[in-house]
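Chemist: Quick one: the structure is below, and I'll ask about it shortly.
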Amino acid sequence: LARHVPAEARAVREGGPWQSTVGADLAGRTLGLVGLGKIGARVARIGLAFGMDVAAWSPNLTEERAAAHGVRCAKDLRGLLAEGDFVSLHLVLSDRTRGLVGEPELRAMRPSAYLVNTSRAGLVDGGALLRALREGWIAGAGLDVYDTEPLPADDPLRTLPNVLALPHLGYVTEGNYGRYFGQAVEDVEAFLAGAPVREIV
53 LARHVPAEAR
63 AVREGGPWQS
73 TVGADLAGRT
83 LGLVGLGKIG
93 ARVARIGLAF
103 GMDVAAWSPN
113 LTEERAAAHG
123 VRCAKDLRGL
133 LAEGDFVSLH
143 LVLSDRTRGL
153 VGEPELRAMR
163 PSAYLVNTSR
173 AGLVDGGALL
183 RALREGWIAG
193 AGLDVYDTEP
203 LPADDPLRTL
213 PNVLALPHLG
223 YVTEGNYGRY
233 FGQAVEDVEA
243 FLAGAPVREI
253 V
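So this note's numbering is basically just the index in the sequence shown, starting at one, shifted up by 52.
Dropping the structure here:
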């Protein structure tokens with residue numbers, strides 16, 4: 053998103069203009085993390101490695117936990133959204149978090165800011181996000197999760213120039229698949245043997 057990679061790659065493929073955009077530096081920019089669990093903490097380390105100022109918020113985040121990960125603890129969600137150049141969501145979807153980012157929250161963000169959601173689509177009000185992207189409340193979004201998957205062919209998110217849309221690839225790796233399928237087999241074997249299973253889904 054910061055370097056306009058999709059547009060530049062498309063221009064190279066299609067014989068378009070060479071170096072037609074100017075990317076944003078990450079160093080010195082603010083990365084706002086909504087959620088500082090396992091994944092959020094890893095993203096924090098990446099942001100810090102790029103020299104970003106990293107702040108985090110979640111309903112139960114303490115200043116001590118934030119400090120343990122080398123990040124600032126934002127006082128509230130709106131404050132985090134208002135200061136973030138890049139805001140990345142890392143919360144579980146629950147009754148408490150569904151629709152957490154709606155129109156008021158998106159309007160609190162800077163027009164130059166980007167929203168990244170690789171967590172769960174339901175954390176964000178989809179209609180409000182679409183308006184924010186079309187009307188320039190925010191600069192753009194990186195999305196890997198959607199209310200309907202696969203994303204319908206006529207969904208406007210597929211064509212907006214300020215959206216980097218991926219087909220829920222965040223967890224799709226050889227290592228993860230090996231673990232998932234291996235654990236599934238172990239759980240079936242344990243169930244058949246009358247032993248406790250690892251996960252109940």
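C-beta atoms are modelled at their ideal positions from N, C-alpha and C, and glycine is treated no differently.
(1) Threshold first: 3 residues or longer. Then list the beta strand (DSSP E) segments lying entirely within the region 149 to 199, N to C.
(2) Kindly identify the DSSP beta-bridge partner or partners of Gly222.
(3) Give the DSSP bridge partners of Leu85, in chain order.
(4) Can you tell me the Cα-Cα spacing of Val197 and Leu143, whole angstroms?
(5) Taking 8 Å as the threshold (C-beta atoms), are Gly103 and Gly80 in contact?
(6) Roughly how many whole angstroms lie between the Cα atoms of Glu66 and Ala236?
(7) Using only CA atoms, which one of Pro156, Tyr232 and Leu85 lies nearest to Gly179?
(8) Under three-state DSSP, which class holds Leu203?
(9) Check Ala54 in the structure and name its three-state DSSP category.
Modeler: Based on what the coordinates show:
(1) 166 to 169 and 192 to 195
(2) Answer is none; Gly222 lacks a bridge partner.
(3) DSSP lists Ala108 and Ser140 as partners of Leu85.
(4) 13 Å
(5) yes
(6) 44 Å
(7) Pro156
(8) coil
(9) Looking at Ala54 - three-state DSSP - the assignment turns out to be coil, as it is neither helix nor strand.
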